[in-house]
Amino acid sequence: MTIAIIVFVLAQLGDVITTKRALAQPGKREANPFMRVLFDRLGVNGGLTVKALVASALVYWLWSEGATLPIWAVAVMTGAVALHNHRLMQKG
């Protein structure tokens, strides 16, 4: 389970870094409507902080229940978002 949590943390960092870099490019905007509302209301840093806190609370709860597979699922989904962001940046 420890490895799943480490992968989750690394995926979160990747998502934060790639989101900030992608949104700094001209013409790029957040595709997720929920996150877009958070960014509009709290700014990018505030929205990313809220997302990270909610995701971390979810993973903590899953950990406390001994649910390793769902932690892996959250980590993989978050990593996929970071990879998507990275690919968008490569397109310019």
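Going by full-length UniProt numbering, the sequence shown wraps up at 92, each residue one higher than the last. Don't be surprised by glycine CBs; every beta carbon is placed ideally from N, CA and C.
For residue i, the first and last residue of its enclosing alpha helix (DSSP H)
i, result
"P33", "33-64"
"M1", "Neither: M1 is in no alpha helix (DSSP H) and is coded neither H nor E."
"G79", "68-91"
9 Å Cβ cutoff met for residue i and residue j
i, j, result
"G27", "G79", "no"
"V44", "T18", "no"
"V59", "I71", "yes"
Whole-angstrom distance between residue j and residue i, CA atom to CA atom
i, j, result
"L34", "I6", "Correcting the residue type first, residue 34 is Phe in the shown sequence and not Leu. Each residue's Cα considered, the two are about 26 Å apart."
"residue 156", "M89", "Only positions 1 to 92 of the chain appear in the structure, and residue 156 is not among them; the question remains open."
"R21", "L69", "30 Å"
"K51", "N32", "12 Å"
"I3", "W61", "16 Å"
"A24", "N85", "12 Å"
"R29", "A67", "34 Å"
"F8", "L42", "24 Å"
heavy atom of the ligand GTP below 8 Å from residue i C-beta
i, result
"I71", "The ligand GTP is not among the ligands present in this structure, which contains no ligands whatsoever."
Expected contact under 8 Å - CB spacing of residue i and residue j to nearest Å
i, j, result
"A55", "V74", "7 Å"
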